[in-house]
Amino acid sequence: MAEFPALNGQSDSYVVLQYPAGSVNPFHTHPRATELLFLTYGILEVGFVDTTNKLFTQRLQAGDIFVFPKGLVHYQFKR
Numbered sequence: 001m002a003e004f005p006a007l008n009g010q011s012d013s014y015v016v017l018q019y020p021a022g023s024v025n026p027f028h029t030h031p032r033a034t035e036l037l038f039l040t041y042g043i044l045e046v047g048f049v050d051t052t053n054k055l056f057t058q059r060l061q062a063g064d065i066f067v068f069p070k071g072l073v074h075y076q077f078k079r
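Take 1 as the starting number for the sequence shown in full-length UniProt numbering and just add one per residue.
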């Protein structure tokens, strides 16, 4: 946590995934953890729905980091 002091004491989720073209990680939640996504290669479309039902989307490129807040519905899509 030395590199990310704001995460100290938070419930965080990390995972290593490979998304083939056309794959979707459908809408889901992590009720007890914030998810951090670091994209190592390619392009990935991501999004989440906030507590007011507003959809936030982002197109990520290699080297980007994205945070899915704890408990919010989110997804990933690889074109």
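From the three backbone atoms N, C-alpha and C, an ideal C-beta is built for every residue, glycine too.
Among all the DSSP beta bridges, which residues are the ones paired with T34?
-> Note: T34 sits in a beta bridge opposite D12.
Reduced DSSP secondary structure (H/G/I, E/B, other) of L44 = Shown here, L44 sits in a strand according to DSSP, grouped into three states.
H28 classed as buried or exposed, judged by whether at least 16 other C-beta atoms fall within 10 angstroms | Here H28 is exposed, its C-beta having fewer than 16 other C-beta atoms within 10 Å.
Beta strand (DSSP E) segment containing Q18, residue limits | Note, Q18: premise wrong, no beta strand (DSSP E); not H, not E.
To which residues does DSSP link N53 through a beta bridge?
-> None; N53 has no bridge partner.
Round the Cβ separation of Q58 and N25 to the nearest angstrom and send it over; I've been treating them as touching at under 8 Å.
-> Not really, about 15 Å apart at Cβ, beyond 8 Å.
Can you name the start and end residues of the beta strand (DSSP E) that P26 belongs to?
-> Counting along the chain, the unbroken beta strand (DSSP E) around P26 starts and ends at V24 to H28.
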